[in-house]
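Worksheet: the structure to be examined is printed underneath.
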Amino acid sequence: MKRSKKILSLLMAVALSTTALTACGNSESKESANSSGKNGSPDEIVYAFTTFNKISEDLGSVEKAINDITVPKINVKVKLKPLSVSNYSQQVNLAIQSGEQLDVFHTLGDLNQYISKNELMPLDDLLDKYGKETKQIVGNDFLETTKSNGKTYAVPSNKGAAIAPNLVYRVDIMNELGISPDSIKTVNDLDALYEKVKAKYPNMIPVAPTNQGISGVLHTIDNVDYLTDDLFKPTAVLIGDSTKVVDFYETDAFKEKVKIAREWYNKGYLSKDAATTNTLASELISSDRCFSYVASYAGKESAAQISAVTGKNMGMIRLAQPYLSTTNVNAVSWGIASTSQKPEAAMKFLNLTYSDKAVVNLLIYGIEGTDYVKVDADHVKYPDGKDANSVPYTAQLSCGIIGNQFIQYSMAGQSTDDLKLMESENKNSTRSKAFGFTFDSTSVKTEYSSAMNVINQYLPGLNCGALDPDKEIPNFIKKLKDAGMDKIVAEKQKQLDAWLATKK
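Under mature numbering (1 follows the signal peptide of the UniProt record, and there is no 0), the letters of the sequence shown match residues -22 to -1, 1 to 482, in that order.
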């Protein structure tokens, strides 16, 4: 799944100490001094991942079941470290900075920053030795998206990466209003829908943010390549077929979409606290406080998963065609911390999350019979009387994040044909002309940090309608320029031009 996801983590202004980096960060071929042999005691690693479900208070049974597989197979024991999406990046950064054991983690949109801060270990030698199955499964073209200066720093999740913006809505309310899903084609069709929802259900929010400060309207802009950044970074982008890098926040497309958010806000379609609330759309839907949200997904049948989480019958409508950019692929990538003392063991386990069906389904669904039951060979559901909030363990909403989505079970009601569609769209969707390009922000890290502060000040309010775009966009752009945004755009253009020259 691609969570609305686009989950956008804020960069924390911390740096690793020189001592830690010197000791642990710069050798892609080193063998861990403490790495045990096949017949020695198992190496123990920590595997961190974000969860959109509640965090289990007892991970022991799932860890034991995983280790019952991994110890005989690769002589590695794993300790799971699930982290809430709201503070995932901060927790990962703090763990690496403090020297806390953290071996495998995913980048959640921050690959560029982890590389620039030397928090990721180069993986090329490790992949060649211990990740051969993963290399074959993911493929060289997707692995190109996680390279910097010729070195591979992460492995993209093997998932549907060609994503499209979708309206995710309650089917019962849509039916009650007598509105055909076929009548909704683009984001511009939503105003009339929300007007009817508001009239019929005055105490219900027609559309909720998918995460703090993210209304979803900006996801509906066609064919934007963020060039390894995301909305809450200093976003210098390509739009359409152009290879000219532009400041996203100066574009007409940005202005048009935040004006839609402003209209929704003024009409009461978005809540007044949409820019600041930490309450997820799924929670609001579960409690009958929300009708819909706008988010990006691969495939067409994620509604079955969302229905299982919310307890409501949910539907999805695509608002644009799928698009494949570097960011779509590498936004969720798995790496090994530069501070890891067990890089070989870490890669061995990471390899199993792409190649071993039992391991990846334990990570996603937990223990069969306790956390889920099988419907058939390919489908599962929660046990009778249970849901995502009451089972002892589930990370089901991380199905497009952890390892290999194409060997995971599907939720009951979701056709396995959707996985085939995702694989097809990965190969056949429109690709950015910069697909495979990654940006190194090291030379503009001061400007990057300053621009981040400005973005955090203005973007949530603009994205969720709380700020008047006619008044505040000029102030936003001026402060970005004062922070050095033009220098960031120029540096990204320079690197892109050099990369494009190698492709001729």
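Heads up, the beta-carbon is just placed ideally off N, CA and C, and yes, glycines get one too.
Beta bridge counterpart(s) of residue i as assigned by DSSP
i	result
Met292	Arg148
Pro143	Ser274
Ser388	His357
Pro134	Ser311
Lys178	Bridge partners of Lys178: none, in fact.
Leu28	The question names Leu, yet the displayed sequence has Thr at residue 28. According to DSSP, which records beta bridges pairwise, Thr28 is partnered with Leu61.
Asp36	DSSP output for Asp36 lists no bridge partner at all.
Asn189	Ile192
Glu173	Per DSSP, none; premise fails for Glu173.
Ile23	Val56
Val202	Ile217
Thr408	Tyr301
Lys129	Ser126
Asn382	Asn136
Ile183	Cys268
Residue-chain proximity (residue i, chain C), Cβ-Cβ < 7 Å
i	result
Val185	In the structure shown, chain C cannot be found, because there is only a single protein chain.
Selected residue, minimal CA-CA separation from residue i, among the options
i	options	result
Cys442	Ser427, Val307, Tyr343, Lys250	Lys250
Asn404	Leu216, Ile183, Val422, Asp119	Asp119
Phe269	Val287, Tyr247, Asp203	Tyr247
His357	Pro143, Gln435, Ala390	Ala390
Asp81	Glu154, Ser311, Ala324, Ser64	Ala324
Val133	Tyr147, Asp150, Ala412, Gly109	Gly109
Asp418	Glu450, Lys472, Asn453	Lys472
Arg267	Ser280, Lys290, Lys55	Lys290
Phe278	Met292, Ser265, Val287	Sequence check: residue 278 is Lys here, not Phe. Looking at the Cα atoms, Met292 is the closest of the given residues.
Gly313	Ile23, Tyr131, Ile115, Asn53	Tyr131
Ala429	Glu450, Asp460, Asp448	Asp460
Asn434	Ile23, Ile451, Lys211	Lys211
Tyr66	Ser94, Val310, Ala286, Gly218	Val310
Thr229	Leu478, Lys481, Pro447	Pro447
Asp46	Thr164, Asp475, Phe327	Phe327
Lys55	Gln68, Gly38, Lys465	Gly38
Asp169	Lys237, Ser265, Trp477	Lys237
Asn244	Gly439, Gly18, Lys481	Gly439
Lys51	Leu474, Leu330, Ala239	Leu330
Val414	Asn382, Ala476, Leu445	Note that residue 414 corresponds to Gly in the displayed sequence, not to Val. Cα-wise, what sits closest to Gly414 is Ala476.
Asn382	Ser76, Gly117, Glu78	Gly117
Lys335	Ile192, Ile44, Ser76	Ile44
Beta-carbon proximity check, residue i vs residue j, cutoff 7 Å
i	j	result
Asn136	Tyr332	yes
Ala214	Val223	yes
Thr394	Ser402	no
Tyr275	Asn201	no
Thr305	Thr206	yes
Asn144	Met294	yes
Pro187	Ala252	yes
Tyr271	Gly194	yes
Leu216	Asp208	no
Val432	Leu458	yes
Ala142	Ala298	yes
Lys174	Leu155	yes
Val63	Pro20	no
Thr123	Val351	no
Ser126	Thr416	yes
Thr29	Ser376	yes
Ser285	Ser410	no
Leu196	Lys235	yes
Gln386	Asn339	yes
Asp225	Val70	no
Tyr371	Gly347	no
Met463	Gly138	no
Val287	Ser260	yes
Tyr92	Leu86	no
Rounded distance between the beta-carbons of residue j and residue i, thought under 8 Å
i	j	result
Asn256	Gln190	6 Å
Phe83	Ala315	6 Å
Leu72	Ala26	Contact doesn't hold; Cβ gap of about 11 Å is too wide.
Glu41	Lys57	6 Å
Ile455	Tyr227	6 Å
Leu121	Lys113	7 Å
Lys233	Ile451	6 Å
Gln392	Ala282	4 Å
Ala412	Leu341	Contact flag wrong, Cβ pair sits at about 32 Å.
Glu322	Leu478	Rounded, the Cβ-Cβ distance is 36 Å, inconsistent with contact.
Tyr360	Val369	6 Å
List, from N- to C-terminal side, the alpha helix (DSSP H) runs of 4 residues or more that fit wholly inside the stretch 52 to 123. 66 to 76, 89 to 94, 102 to 108, 110 to 116, 118 to 121
Suppose only complete runs of 3+ residues qualify. What are the beta strand (DSSP E) ranges in the stretch 285 to 363, listed by chain order? 292 to 296, 311 to 314, 357 to 359
In the stretch 417 to 467, which residue ranges form an unbroken beta strand (DSSP E) of at least 3 residues, counting only runs that do not cross its ends? none
Continuous beta strand (DSSP E) assignments of at least 3 residues falling wholly in the stretch 214 to 287: 214 to 217, 268 to 275
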